[in-house]
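Numbering of the sequence shown is given in UniProt numbering, commencing with residue 1 and proceeding in unit increments.
Glycine is no exception: its CB is placed at the ideal position from the N, C-alpha and C atoms.
For clarity, every value in this text was computed on a predicted model and none was experimentally measured.
The next block holds one structure in the form of structure tokens; read it before the comments.
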Amino acid sequence: MSATPAPSRRCVIWFGTPHSTERALLASSGWHIRAVSPSQAGGVGMRSEDIVIGVLDFRTCSGSELAAAAEVATTYRHLPLLALLPPALDESDIPLRHALSSCRHRLSHPLDPAELLRQLASLQQASTPGGSDDALACLIGESGAMLAMRATLRKFAPVDLPVLVTGETGTGKEAAAHALHRLSPRNGHPFHAVNCGAIAPTLLQSELFGHERGAFTGATARRAGLFESAHRGTVFLDEIGDLPMEAQTSLLRVLQEGTIERIGNNQSIHVDVRVLAATHVDLEQAMEQGRFRSDLYYRLNVLRLTMPALRRREGDIELLAMHFLHEFRARHLIRARGYTPAARQALADFHWPGNVRELLNRVLRAAITTDNELIDCADLELSAPAETRTRLHDAHLRDERETLVACLARSHYNISACARLMKVSRVTVYRLCRKHRLQLQSLR
Ligand SMILES: Nc1ncnc2c1ncn2[C@@H]1O[C@H](COP(=O)(O)OP(=O)(O)OP(=O)(O)O)[C@@H](O)[C@H]1O
Ligand SMILES: [Mg+2]
1 MSATPAPSRR CVIWFGTPHS TERALLASSG WHIRAVSPSQ AGGVGMRSED IVIGVLDFRT
61 CSGSELAAAA EVATTYRHLP LLALLPPALD ESDIPLRHAL SSCRHRLSHP LDPAELLRQL
121 ASLQQASTPG GSDDALACLI GESGAMLAMR ATLRKFAPVD LPVLVTGETG TGKEAAAHAL
181 HRLSPRNGHP FHAVNCGAIA PTLLQSELFG HERGAFTGAT ARRAGLFESA HRGTVFLDEI
241 GDLPMEAQTS LLRVLQEGTI ERIGNNQSIH VDVRVLAATH VDLEQAMEQG RFRSDLYYRL
301 NVLRLTMPAL RRREGDIELL AMHFLHEFRA RHLIRARGYT PAARQALADF HWPGNVRELL
361 NRVLRAAITT DNELIDCADL ELSAPAETRT RLHDAHLRDE RETLVACLAR SHYNISACAR
421 LMKVSRVTVY RLCRKHRLQL QSLR
């Protein structure tokens, strides 16, 4: 395939129906406009050279189309989206809220045409190579672990090699992959993300590599796959450990030869794509069990980026909690503007198994439900620090008593032997017995 550079066009994909005046305004300002129904958005195609902005027109979406619009926001996650809101909006609708949260800007009724152009220009600025102030701005955190992670990202970005991103769930693997793309010379070209575990294995091959018309039952038209449409950009393969064997072989070909084959056609097509992959399963183990090709593993694991768990990012939890709250405040009318000291302590004490995503969800829930200016522990559904400390203290006492009883039994209730076993003095053993109300006489 030719890699001849084509000039960039500024395009708006309008999910819904633009008014004729809006069409005219955009055309006169140099925007190509393409209107699609949200329910038929699956067929949206774009040239990799184009600068593309999505407009979700909630004014003209109704009923089932709202759910389809929410789908658009999920499918085109990295398409900068602008929402146009109708005069009355039912924000209790979950798909709608989800779709809105994916939109970078919103414009309310009545639509100000100058503001529409201004917002499109600002989204264009953010999507153009070098146009972003800081691609890393979406990765909040000043802890040592985050500073090191950002330094690694900067080193990896210009090197056109695959990167394997690892880390616990919700640590920001996809956010980091996107930042890596934006820092790289491929910024301005597509960034396509796909969750390999979320697509049926029978469909995945076609999703990634495309198919010819008639290649299988239901293939009524030729379709370019994700790799082809990401030409000159980046493909992010999330949950790479779930990639079926057939797709692993095809991916190896992309990495080794830079070519793909559509299903139903054995002609090689050249694709220029950087592959980023993420996993939270142990690929080494999958390889040993024969579920993951070792040649593919070694190709993917050239550069490795490890996302630190939130509990290891000292100071970042409060920073992120404030950031998420301020972001939410900027878009919604809410009372909450900060946290009580107890809530701040509870945030710092919590273990965060779901990492940043869990923090984000707790903050948003609290911001919506609280009637106060300061969010408290109960709003965050976290135990108050005193309760946490009491529970830790109780657990410590229980452990201490169990250890003492076990050592006494092992040393046949001989205090000197027990003291040696516990590596403490005899006096301490007596003191612990008194503390835990153990009657040596009756135990012997
Ligand atoms: N450092 C950060 N600063 C701000 N937001 C962040 C940060 N890290 C993650 N997020 C946000 O947290 C959420 C989860 O991040 P992301 O989807 O990248 O995690 P993940 O590691 O890919 O999760 P999973 O393993 O479940 O796929 C997203 O909304 C993301 O924008
Ligand atoms: Mg992810």
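Under three-state DSSP, which class holds ALA58? Numbered from its first residue, the sequence shown carries residue 58 at position 58. Here residue 58 is Phe; the residue named in the question, Ala, does not match the sequence. Of the three classes helix, strand and coil, the one that applies to PHE58 here is coil, per DSSP.
7 Å Cβ cutoff met for ARG223 and GLY241: Numbered from its first residue, the sequence shown carries residue 223 at position 223. Numbered from its first residue, the sequence shown carries residue 241 at position 241. No. Outside cutoff.
By Cβ distance, which residues of its chain are closer than 6 Å to PRO308, with the 5 residues on each side in sequence left out? Here residue 308 is taken as the residue at index 308 of the sequence shown, counted from 1. ALA145.
Is the Cβ-Cβ distance between ILE199 and GLU207 less than 7 Å? The sequence position of residue 199 within the sequence shown is 199, counting from 1. The sequence position of residue 207 within the sequence shown is 207, counting from 1. Contact: yes.
Can you tell me the Cα-Cα spacing of HIS109 and ASN266, whole angstroms? Locating residue 109 in the sequence shown gives position 109, where the first residue counts as 1. Locating residue 266 in the sequence shown gives position 266, where the first residue counts as 1. Approximately 52 Å, taken between the alpha carbons.
Taking all protein chains shown into account, do 16 or more other C-beta atoms lie within 10 angstroms of the C-beta of MET149, making it buried, or fewer, making it exposed? Taking the first residue of the sequence shown as position 1, residue 149 is located at position 149. Flag for MET149 reads buried.
State yes or no: is the C-beta of GLU168 nearer than 6 Å to some heavy atom of ligand 2? Translated into positions along the sequence shown, residue 168 becomes position 168. It does not: the Cβ of GLU168 is nowhere closer than 6 Å to a heavy atom of ligand 2.
Find out if the Cβ-Cβ distance for the pair GLN256, LEU296 is shorter than 7 Å. For the purposes of this step, residue 256 is identified with residue 256 of the sequence shown, where counting begins at 1. For the purposes of this step, residue 296 is identified with residue 296 of the sequence shown, where counting begins at 1. Against a cut-off of 7 Å, the Cβ pair of LEU296 and GLN256 comes out as no contact.
Near ligand 1: GLU174 beta-carbon under 6 Å from a heavy atom: Taking the sequence shown and counting its residues from 1, one reaches residue 174 at position 174. Yes; taking the cut-off as 6 Å, the Cβ of GLU174 has a heavy atom of ligand 1 nearer than that.
Buried or exposed: LYS173, going by 16 or more other Cβ atoms within 10 Å of its Cβ? Numbered from its first residue, the sequence shown carries residue 173 at position 173. Burial call: buried.
VAL363 - DSSP class collapsed to helix/strand/coil: Within the sequence shown, residue 363 is the residue found at index 363, counting from 1. Reduced to three states, the DSSP call for VAL363 is helix.
Any idea if VAL429 is buried or exposed, counting beta-carbon neighbours within 10 angstroms, 16 or more meaning buried? On the sequence shown, position 429 is the one that residue 429 refers to. So VAL429 ends up on the buried side.
Beta strand (DSSP E) containing THR234: first to last residue? What you label residue 234 is simply residue 234 of the sequence shown in a count that begins at 1. Start and end: 234 to 238.
Quick one: is HIS231 buried, meaning 16 or more other Cβ sit within 10 Å of its Cβ, or exposed? For this step, residue 231 is matched to residue 231 along the sequence shown. By the 10 Å Cβ count, HIS231 comes out buried.
Quick check: the region 110 to 121 against the region 321 to 332, are there 3 or more CB pairs under 8 Å? no
Contact test: THR306 Cβ vs ligand 1 heavy atom, cutoff 6 Å: As a first step, residue 306 is located in the sequence shown; it is residue number 306 there, counting from the start. Not under cutoff, so the answer is no.
Measuring straight from C-alpha to C-alpha, what distance separates GLU288 and CYS61? Looking up residue 288 in the sequence shown gives position 288. Looking up residue 61 in the sequence shown gives position 61. So the two alpha carbons sit approximately 50 Å from each other.
Using a Cβ-Cβ distance cut-off of 7 Å, determine whether ARG262 contacts chain D. This model lacks chain D altogether; it includes just one protein chain.
Simplified DSSP state of PHE209, which is helix, strand or coil: As a first step, residue 209 is located in the sequence shown; it is residue number 209 there, counting from the start. If DSSP states are grouped into helix, strand and coil, PHE209 belongs with the helices.
What does the Cβ neighbour count give for GLN205, buried or exposed, with the cut at 16 atoms within 10 Å? Taking the first residue of the sequence shown as 1, we reach residue 205 at position 205. Classification of GLN205: buried, given that the 10 Å Cβ count is 16 or more.
C-alpha distance - CYS103 paired with SER383, whole-angstrom precision: Counting from 1 along the sequence shown, the entry for residue 103 is found at position 103. Counting from 1 along the sequence shown, the entry for residue 383 is found at position 383. Cα to Cα, CYS103 sits roughly 33 Å from SER383.
Backbone CA spacing between ALA179 and GLU400 [nearest angstrom]: As a first step, residue 179 is located in the sequence shown; it is residue number 179 there, counting from the start. As a first step, residue 400 is located in the sequence shown; it is residue number 400 there, counting from the start. ALA179 and GLU400: Cα-Cα distance of roughly 48 Å.
The alpha helix (DSSP H) that contains ALA35, what's its start and end? Within the sequence shown, the letter at position 35 stands for residue 35. Segment 32 to 36 is the beta strand (DSSP E) holding ALA35; no alpha helix (DSSP H) there.
Answer yes or no: do ASP349 and THR388 have a C-beta to C-beta separation smaller than 7 Å? Within the sequence shown, the letter at position 349 stands for residue 349. Within the sequence shown, the letter at position 388 stands for residue 388. Going by C-beta atoms, ASP349 is nearer than 7 Å to THR388.
When you compare only the Cα positions, how much space is there between GLU402 and CYS433? The residue you call residue 402 lines up with position 402 of the sequence shown. The residue you call residue 433 lines up with position 433 of the sequence shown. Cα to Cα, the separation comes out at about 11 Å.
What number of angstroms, rounded off, separates the C-alpha of LEU120 from the C-alpha of LEU26? What you label residue 120 is simply residue 120 of the sequence shown in a count that begins at 1. What you label residue 26 is simply residue 26 of the sequence shown in a count that begins at 1. Whole-angstrom Cα-Cα distance: 10 Å.
Starting from the C-beta of LEU264, find all residues in its chain whose C-beta is less than 6 Å away, skip the five residues before and the five after it, and write them out in chain order. Numbered from its first residue, the sequence shown carries residue 264 at position 264. First, the residue type needs correcting, since residue 264 is Gly and not Leu in the sequence shown. Here the set comprises HIS211, GLU212, ALA215.
State the beta-bridge partners of ALA193 as determined by DSSP. The count along the sequence shown starts at 1 and reaches residue 193 at position 193. ALA193 is bridged to PHE236.
Is any heavy atom in ligand 2 found nearer than 6 Å to the beta carbon of ASP242? For the purposes of this step, residue 242 is taken as the residue at position 242 of the sequence shown. Not so, every heavy atom of ligand 2 lies at least 6 Å from the Cβ.
Quick one: using the 10 Å Cβ neighbour count with 16 as the cut-off for buried, is ALA346 buried or exposed? The residue given as residue 346 occupies position 346 in the sequence shown. With 16 or more Cβ atoms within 10 Å of its Cβ, ALA346 is classed as buried.
Find the nearest neighbour of MET322 within the set VAL363, PRO341, ARG311, judged by alpha-carbon distance. Along the sequence shown, one-based indexing puts residue 322 at 322. Cα-wise, what sits closest to MET322 is VAL363.
Local conformation of VAL356 per DSSP, three classes: Here the question's residue 356 lines up with position 356 in the sequence shown. Helix at VAL356.
Contact under 7 Å by Cβ, residue 460 with LEU310: As shown, the chain starts at 1 and ends at 444. That puts residue 460 outside it, with no answer to give.
Rounded to the nearest angstrom, what separates LYS423 and GLN439 at their Cα positions? For the purposes of this step, residue 423 is identified with residue 423 of the sequence shown, where counting begins at 1. For the purposes of this step, residue 439 is identified with residue 439 of the sequence shown, where counting begins at 1. Spanning the two alpha carbons is a distance of roughly 21 Å.
Cα-Cα separation, GLU142 to PHE156: As a first step, residue 142 must be located in the sequence shown, where it is residue number 142. As a first step, residue 156 must be located in the sequence shown, where it is residue number 156. Roughly 20 Å between the two C-alpha positions.
Residue from ILE13, ALA24, ASP376, ARG23 with nearest C-alpha to PRO38: Numbered from 1 along the sequence shown, position 38 holds the residue referred to as residue 38. For PRO38, the nearest C-alpha among the options comes from ILE13.
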